[in-house]
Amino acid sequence: MKKIVLLLTVFLSMSNLNVQTTTVDILKDWERAKAYTKEYLDAMPESGYSFKPTKEMRSFSGQVLHLSDAIYGFVGSATDEKPPVGFGDLEKSGDENKASVTAKVMASYDFAINAIKKYPNAKLSEPIKLFGQFDMNREQVLNKCFEHQTHHRAQTTVYLRLVGATPPAEKLF
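Using this note's numbering, you'd call the opening residue of the sequence shown number 53 and step up by one each time.
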């Protein structure tokens, strides 16, 4: 009986061990994503920043500025850090200048990295209502944002191919 109780105690203790993600872990992914996105921005020639595969789609610059707007909105919500631009303002600007768009996109990643660096690990599990409608914790918001930026960066692979440019190699690690 003592062995069963001991085994049960060990099992229950093990099942309650949660490996908590830390901001250090999150930052590694964001720093990699920033470098990877920069490679995409560099790979697109200046003339391709206005390129739209179809008239209904965003231009290349529209895709990456949308990605940046979302970074500001999601990360600002997750960390309570006030973004320096209004939600959606970058994409609405219509900017198609390679140097300017690149600077804006890199600034959004810097915002995310700096906000996450300052954010306490203990608060990552706090629940919030993202954009006033989605119930999730702060870490989940950061994960959704990371998923979103990955999605839009991946879409630009097709844009690069269609203008004859070569996309960067995969950067999983």
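Backbone N, C-alpha and C define an ideal beta-carbon position, used for all residues, glycine too.
CB of L194 within 7 Å of CB of A155, strictly: Residue 194 sits at position 142 when you count from the first residue of the sequence shown. Residue 155 sits at position 103 when you count from the first residue of the sequence shown. Taking 7 Å as the Cβ cut-off, L194 and A155 do not qualify as a contacting pair.
- Message: Let me check understanding here. Comparing Cα to Cα, which of K104, K90, D121 and L224 lies closest to Y211?
- Response: Numbered from its first residue, the sequence shown carries residue 211 at position 159. The shortest Cα separation from Y211 among K104, K90, D121 and L224 belongs to K104.
Residue nearest to T75 in terms of C-alpha spacing, selected from V215, I165, T202 and A217 | Working through the sequence shown from its first residue, we reach residue 75 at position 23. Nearest C-alpha to T75: I165.
*Can you pull the DSSP bridge partners for L182?*
Indexing the sequence shown from 1 puts residue 182 at position 130. According to DSSP, L182 bridges with F186.
Contact set for P97: own chain, Cβ-Cβ below 7 Å, skip 5 residues either direction = Reading the sequence shown from its first residue, position 45 is the one you call residue 97. The residues are V215 and A217.
- E133 - DSSP class collapsed to helix/strand/coil: Translated into positions along the sequence shown, residue 133 becomes position 81. Coil at E133, not helix or strand.
Worksheet entry | Cβ shell of E91 (< 8 Å), same chain only, five flanking positions each side left out | Locating residue 91 in the sequence shown gives position 39, where the first residue counts as 1. Taken in chain order, the residues that qualify are P220 and K223.
Does the segment 79-93 come close enough to the segment 202-210 that 3 or more CB-CB pairs lie under 8 Å?
yes
Thinking C-beta only, is S111 closer than 7 Å to D153? Here residue 153 is taken as the residue at index 101 of the sequence shown, counted from 1. Here residue 111 is taken as the residue at index 59 of the sequence shown, counted from 1. According to the sequence displayed, residue 153 carries Val and not Asp. Judged by beta-carbon spacing, S111 lies beyond the 7 Å limit of V153, meaning their Cβ atoms are not closer than that value.
**Message:** Taking the straight line between their C-alpha atoms, what separation do you get for E148 and L93?
**Reply:** Indexing the sequence shown from 1 puts residue 148 at position 96. Indexing the sequence shown from 1 puts residue 93 at position 41. In a straight line, the C-alpha of E148 is about 12 Å away from that of L93.
For F139, which residues of its own chain have a beta-carbon under 8 Å away from its beta-carbon, when the five flanking residues on both sides are left out? Along the sequence shown, one-based indexing puts residue 139 at 87. The residues are D121, Y124 and G125.
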